[in-house]
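Notes follow the structure.
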Amino acid sequence: MAAPSSESQFVTFSLDNEVFAVPVSVVREILDHEDAFKIPHGPEYLLGLRDVRGQGVPVIDLRLRLGMTKTEKTPHTRALVLDVPIGEKTLTLGLVADRVFEVIPFRTDEIEGAPDIGVRWPSDYIAGVVRRNGGFVVIVDLARLFSGAEMAMMGSAGRLAATA
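The UniProt record's numbering applies: residue 1 is where the sequence shown begins, and numbers increase by one.
Listed below in structure tokens is the structure:
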């Protein structure tokens, strides 16, 4: 009898025609997309701040952060509110997704590493890739997605909103 492989739960969502996933353990809630309060001089992908149950949460257009085109708001557009552990701290942020699909388990042995294409490319945000329904699901490593300086700025934006 084969030993059971461990599995983890992920929330799957789309950006354009691609499917991505984040661990369900970091997802606080999923909200309808609303326009955020703009923050001057922030990076293009920082849409601004949103009030989430009394907390100012920085909202990120993940498509822009990954070098894709800007998200166009539709009735399916959602914001995933995430609590991302970064070292000793937890950063709360909202990620805008074109559509959120489902919570799904992936077995550890199904998760492959980022593909090697023979040249350097910014793939450090990829925690793994899972083959599914004739395509792929990219698991996002949220802690690596943003540099330390960007995370500090996002944390500052959230603290600024909390004191306003």
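We put the CB at the ideal spot given by N, CA and C, even for glycine.
Just so it is clear, the structure is predicted and the values come from calculations on it, not from any experiment.
TODO: Answer yes or no: do S21 and I139 have a C-beta to C-beta separation smaller than 8 Å?
DONE: For the record, residue 21 in the displayed sequence is Ala; it is not Ser. Their beta carbons are under 8 Å apart, which means A21 touches I139 by this criterion.
Task: N- and C-terminal bounds of the alpha helix (DSSP H) containing R53 - done: For R53, there is no enclosing alpha helix (DSSP H), as DSSP marks it with neither H nor E.
- [ ] Output yes or no for whether 8 Å exceeds the beta carbon distance between T92 and V59.
- [x] Inclusion of T92 and V59 in the CB contact set at 8 Å is not warranted, their separation being larger than that value.
Task: Neighbourhood of L47 by C-beta, 6 Å cutoff - its chain only, sequence neighbours within 5 removed - done: Taken in chain order, the residues that qualify are A36, V59, D61.
- [ ] Would you mind stating whether R78 and I30 have Cβ atoms separated by less than 8 Å?
- [x] Cβ distance < 8 Å, so R78 and I30 count as in contact.
Task: Contact check, V81 vs R144, beta carbons under 8 Å - done: Their beta carbons are not under 8 Å apart, which means V81 does not touch R144 by this criterion.
Task: Cβ-Cβ distance between T108 and E7 below 8 Å - done: Contact annotation: T108 and E7 have beta-carbon atoms nearer than 8 Å.
Open item on the list: Given a cut-off of 8 Å on the beta-carbon distance, is the pair L15 and A114 in contact?
Closed with: With respect to the 8 Å criterion, L15 and A114 are not classified as neighbours on the basis of their beta carbons.
Task: Residues near T71 by beta carbon distance below 6 Å, same chain, minus five either side - done: For T71, where only same-chain residues beyond five positions count, the Cβ hits under 6 Å are D61, R63, V96.
Open item on the list: Can you tell me whether L145 is helix, strand or coil according to DSSP?
Closed with: Taken through DSSP and simplified to helix, strand or coil, L145 comes out as helix.
- [ ] Throw me the rounded Cβ distance for the V26 and D83 pair, which I believe falls under 8 Å.
- [x] Indeed they touch by this definition, with Cβ atoms about 6 Å apart.
Open item on the list: On the DSSP letters alone, give me the boundaries of the alpha helix (DSSP H) that L64 sits inside.
Closed with: 62-65 is the extent of the alpha helix (DSSP H) around L64.
TODO: Could you tell me if V24 is buried or exposed, where buried requires 16 or more neighbouring beta carbons within 10 angstroms of its beta carbon?
DONE: With fewer than 16 other Cβ atoms within 10 Å, it is exposed.
TODO: Take the Cβ of G54 as the centre, count every other Cβ of all protein chains shown within 10 Å, and call the residue buried at 16 or more, exposed below.
DONE: Around the C-beta of G54, fewer than 16 other C-beta atoms lie within 10 Å, and the residue is accordingly described as exposed.
- [ ] Please report the Cβ distance between F106 and F13, rounded to the nearest whole angstrom; I am assuming they are in contact, meaning their Cβ atoms lie under 8 Å.
- [x] Approximately 14 Å separates the beta-carbon atoms of F106 and F13; this is outside 8 Å, ruling out the contact.
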